[in-house]
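Now the structure itself:
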């Protein structure tokens, strides 16, 4: 096979995988990713369509796969599998039990499709790696998975939140907006209906969580715009290494 044909086949496969993993993909994004012209991407899309792949085109928005269409099970190279196993070691040190459980289940499914030789090597690697944090594998929260679903499905969350340096709690209805990890704790940025403003909550202080059936109107603000808003208002920041998260909280009872 000619080298150009090999490159194109590799690109077509990658485009198909990307279409399956994202809801919408633009020709410009694909062209930039694979360092080809937009016109080349148009030809690639037509080639995929002619081979029977049901690609939907949304004018001015991009491409997507028809609902229900699935690719055959993917295969992983050994280096790709190693990258996933390395990520697993970090996840196992995470302090949210729900996150660890869901990721471990996903990794088990991935391991089940690995070739026998790759699986043996991956098992060896997982036994020969250690991550230098959270040595006791403490689990301080169990709400991350539920809050991720509430965030992406725009569902109101009712929380019982413990105040800092106190056993006293308060009950709030909040609209999840973003999640942030500091290595020590997961933080929820949410619009608090009681305070009529954004607040930051530590997941290890959420003593009870209920995801309500009530939906909320998606917040138009992006996370970057939220950061910029905090900077304009000279609000305090949570800092963890190079990461910095602005915090909107004016009440002592919600100081994190």
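In full-length UniProt numbering, the protein residues as written are 1 to 256. Every residue, glycine too, gets a C-beta built ideally from N, C-alpha and C. Being a predicted model, the structure only gives us computed values, none of them experimental.
{"Check": "Pick from 36, 113, 105 that is closest to residue 145, judged by C-alpha positions", "Outcome": "105"}
{"Check": "Nearest-angstrom Cβ-Cβ length linking residue 27 and residue 38, presumed shorter than 8 Å", "Outcome": "5 Å"}
{"Check": "Rounded C-alpha distance that separates residue 53 from residue 34", "Outcome": "20 Å"}
{"Check": "One or two residues paired with residue 174 in a DSSP bridge", "Outcome": "157, 192"}
{"Check": "Straight-line Cα distance separating residue 204 from residue 138", "Outcome": "11 Å"}
{"Check": "Pair within 8 Å by beta-carbon distance, residue 180 and residue 191", "Outcome": "no"}
{"Check": "Unbroken stretches of the beta strand (DSSP E), 3 residues or longer, contained in the region 54-115", "Outcome": "55-58, 62-65"}
{"Check": "Cβ pair count under 8 Å reaching 3, the region 105-123 against the region 151-168", "Outcome": "no"}
{"Check": "Span separating the alpha-carbon of residue 108 from that of residue 100", "Outcome": "12 Å"}
{"Check": "Beta-carbon spacing of residue 36, residue 63 below 8 Å", "Outcome": "no"}
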